[in-house]
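J.: One structure follows; several queries about it will come next.
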Amino acid sequence: MHKPTIKIKFTDFYPGFIWNEHCLWKYIYPHFNVELSDDPDILIYSCFGTEFLKYKCPKIFYTAENIPPDFRFCDFAISYEYNDKPNHLRIPLYNIYFTTEQLTQTRDAEKLLSEKRQFCSFVVSNSNESQERILFFQALNNVLPVASGGKYANNVGGPVKNKRYFIRNYKFNIAFENSSYPGYTTEKIAEPWIEGCIPLYWGNPKISEEINPDCFINIQNFKNYNDAISYILDVHKSKELTLKYLHAPFYKNNQAPDNLNDIQNSLKVKNIIESCLIIKKTAFRNWHKAYYYFRKFPTINRLIKIQLR
769 MHKPTIKIKF
779 TDFYPGFIWN
789 EHCLWKYIYP
799 HFNVELSDDP
809 DILIYSCFGT
819 EFLKYKCPKI
829 FYTAENIPPD
839 FRFCDFAISY
849 EYNDKPNHLR
859 IPLYNIYFTT
869 EQLTQTRDAE
879 KLLSEKRQFC
889 SFVVSNSNES
899 QERILFFQAL
909 NNVLPVASGG
919 KYANNVGGPV
929 KNKRYFIRNY
939 KFNIAFENSS
949 YPGYTTEKIA
959 EPWIEGCIPL
969 YWGNPKISEE
979 INPDCFINIQ
989 NFKNYNDAIS
999 YILDVHKSKE
1009 LTLKYLHAPF
1019 YKNNQAPDNL
1029 NDIQNSLKVK
1039 NIIESCLIIK
1049 KTAFRNWHKA
1059 YYYFRKFPTI
1069 NRLIKIQLR
């Protein structure tokens, strides 16, 4: 099948970004040949800078961070946000990070239980991102030792090289997001499930609307950490309760919702790119100089509510 060639510029992504290794790439390459260009047909940008403001072509904003799209600057957006705008596509990070096949695999609960895993793991390097998970780790660790494999509170002889290899040795994993916001769901809940753990989750308050609540323990369902920890200890001691969580599929009925299906998302990304190629009026073109002018004056900056990193 002939694939059209499009000129794309990627900008304002994280340090070390490699365009054809980024998780979005799996949705782009089946449909297009990509030519990198400083004079692009389409700009795909993220939230780690303001270089995108220099470009006048159609723009697609992508974020895996808890920073919502600002449609004054982009023509289309791909994010975690629950948003019904016709120019927005919701693909939470875990859904890009892992394939539908991985998230619908069948786990052997009895085998996982027989592996005699240790109690609980925790992998965090930046303790400033979320106090919630630090406080929960400290509370749980005061009751039963929690293996901390990151840079923060490391107690396993140094930071682990591979998080997934590390956490698969434990029954539970503290899987807290950096922040709590409706729809904001990263890889943190999917990693432990795939590795045969029971995720201890905190983050997206609507998480149970798309991920099977029987496959993880939602800390936000408890009045306080003490109540949550008491229940976790009950599960830890009970073969029946442990198997209940280990048997549970990631998605309800082990079926990925249509809006989280890889094939459907790939077609939607294709449609977004094709729409960009025929767009007649793009998002504001002259924000680059204006933004750098406005940000010198905090009062004006607050009035127009520019929220860029």
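Under the working numbering, think of the first position of the sequence shown as 769, with each following residue one higher. Glycine is no exception: its CB is placed at the ideal position from the N, C-alpha and C atoms.
1. Does DSSP classify Leu871 as helix, strand or coil?
2. With Leu968 and Asn994 assumed to form a contact (beta carbons below 8 Å), what rounded beta-carbon distance in angstroms separates them?
3. Name, in chain order, the residues that DSSP records as bridge partners for Phe890.
4. For Ile864, which option in Val911, Lys794, Lys1007 has the closest C-alpha, if you only look at C-alpha atoms?
5. Let's see if you can read the secondary structure: which residues bound the beta strand (DSSP E) around Tyr848?
6. By the 10 Å Cβ neighbour count, where 16 or more other Cβ atoms means buried, how is Thr1010 classified, buried or exposed?
7. How would you write the range of the beta strand (DSSP E) that Glu803 sits in, first residue to last?
8. Would Tyr952 pass as a contact of Asn851 if the rule is Cβ separation under 7 Å?
9. Looking at Cys842 and Lys822, is the spacing between their C-beta atoms short of 7 Å?
10. Using 8 Å as the Cβ pair cut-off and three pairs as the minimum, do the stretch 876-884 and the stretch 908-924 touch?
11. Pull the bridge partners of Tyr830 from the DSSP assignment, please.
12. Residue ranges of each alpha helix (DSSP H) run of no fewer than 4 residues wholly in the stretch 971-1017, ordered along the chain?
13. Using the beta-carbon count (16 or more within 10 Å), is His856 buried or exposed?
14. Identify whether Lys771 lies in helix, strand or coil by the three-state DSSP scheme.
15. Mapping the DSSP letters down to three states, classify Ile812 as helix, strand or coil.
16. For Ile1046, is the classification buried or exposed, using 16 other Cβ atoms within 10 angstroms of its Cβ as the cut-off for buried?
17. If you follow the beta strand (DSSP E) that Arg858 is in, where does it begin and where does it stop?
18. Sorted by chain position, which residues of the same chain lie with C-beta nearer than 6 Å to Val891's C-beta, five sequence neighbours on each side aside?
19. What does the Cβ neighbour count give for Lys824, buried or exposed, with the cut at 16 atoms within 10 Å?
20. Identify, in the order they occur along the chain, each residue of the same chain with its Cβ nearer than 6 Å to the Cβ of Ile1040, setting aside the five sequence neighbours on each side.
21. Distance check for Ser814 and Asn972, CA to CA, integer angstroms please.
22. Take the Cβ of Lys956 as the centre, count every other Cβ of all protein chains shown within 10 Å, and call the residue buried at 16 or more, exposed below.
23. Name the residue from Ala832, Glu803, Ile810 whose alpha carbon lies nearest to the alpha carbon of Phe816.
24. Could you give the DSSP three-state label for Asn937: helix, strand or coil?
25. Would you kindly work out how many angstroms separate the C-alpha atoms of Glu900 and Asn986, rounded to a whole number?
26. I'd like the list of long-range same chain contacts for Pro927, defined as Cβ closer than 8 Å, with 5 residues on each side in sequence excluded.
T.: Let me spell this out:
1. Your numbering for residue 871 matches position 103 in the sequence shown. Helix, per DSSP.
2. Locating residue 968 in the sequence shown gives position 200, counting from the first residue. Locating residue 994 in the sequence shown gives position 226, counting from the first residue. At roughly 14 Å, the Cβ-Cβ gap does not stay under 8 Å, so Leu968 and Asn994 are not in contact.
3. Translated into positions along the sequence shown, residue 890 becomes position 122. Answer is Ser916.
4. Taking the first residue of the sequence shown as position 1, residue 864 is located at position 96. Among Val911, Lys794, Lys1007, the Cα nearest to that of Ile864 is on Lys794.
5. One-based indexing of the sequence shown puts residue 848 at position 80. Element bounds for Tyr848: n/a, residue is neither H nor E.
6. Within the sequence shown, residue 1010 is the residue found at index 242, counting from 1. With 16 or more Cβ atoms within 10 Å of its Cβ, Thr1010 is classed as buried.
7. Sequence index remark: in the sequence shown, residue 803 carries index 35 (1-based). Unbroken beta strand (DSSP E) run through Glu803: 801-804.
8. Here residue 952 refers to the residue found at position 184 of the sequence shown. Here residue 851 refers to the residue found at position 83 of the sequence shown. No, the pair does not count as a contact, with Cβ atoms beyond the cut-off.
9. For this step, residue 822 is matched to residue 54 along the sequence shown. For this step, residue 842 is matched to residue 74 along the sequence shown. Cβ atoms of Lys822 and Cys842: not closer than 7 Å.
10. Output reads no: the stretch 908-924 does not touch the stretch 876-884.
11. Residue 830 sits at position 62 when you count from the first residue of the sequence shown. In DSSP, Tyr830 forms a bridge with Ile846.
12. As far as the stretch 971-1017 is concerned, its whole alpha helix (DSSP H) runs of at least 4 residues are 993-1005, 1007-1015.
13. Counting from one through the sequence shown, the residue named residue 856 turns up at place 88. The residue is buried, with at least 16 neighbouring Cβ atoms inside 10 Å.
14. On the sequence shown, residue 771 is found 3 positions in, with the first residue counted as 1. If DSSP states are grouped into helix, strand and coil, Lys771 belongs with coil.
15. Your numbering for residue 812 matches position 44 in the sequence shown. In the structure shown, the three-state DSSP call for Ile812 is strand.
16. As a working note, residue 1046 is residue 278 in the sequence shown. The residue is exposed, with fewer than 16 neighbouring Cβ atoms inside 10 Å.
17. Your numbering for residue 858 matches position 90 in the sequence shown. Going by DSSP, Arg858 is part of the beta strand (DSSP E) stretching over 856-858.
18. By one-based count along the sequence shown, residue 891 stands at place 123. So the qualifying residues of the chain are Gly917, Gly918, Lys931.
19. What you label residue 824 is simply residue 56 of the sequence shown in a count that begins at 1. Here Lys824 is exposed: its Cβ has fewer than 16 other Cβ atoms, across all protein chains shown, within 10 Å.
20. Along the sequence shown, one-based indexing puts residue 1040 at 272. The residues Phe844, in chain order, have a CB closer than 6 Å to that of Ile1040 in the same chain once the five nearest residues on each side in sequence are set aside.
21. The count along the sequence shown starts at 1 and reaches residue 972 at position 204. The count along the sequence shown starts at 1 and reaches residue 814 at position 46. Straight-line Cα distance between these residues: approximately 21 Å.
22. Counting from one through the sequence shown, the residue named residue 956 turns up at place 188. Lys956 is buried by the Cβ-count criterion.
23. As a first step, residue 816 must be located in the sequence shown, where it is residue number 48. Selected option, being the one with the closest Cα: Ala832.
24. Here residue 937 refers to the residue found at position 169 when the sequence shown is read from its first residue. Assigned with DSSP and collapsed to three states, Asn937 falls in coil, not helix or strand.
25. As a position in the sequence shown, residue 900 is number 132, starting the count at 1. As a position in the sequence shown, residue 986 is number 218, starting the count at 1. C-alpha separation (whole angstroms): 13 Å.
26. Walking along the sequence shown from the start, residue 927 turns up at place 159. Only Ser893, Gly917, Gly918, Lys919 meet the Cβ criterion.
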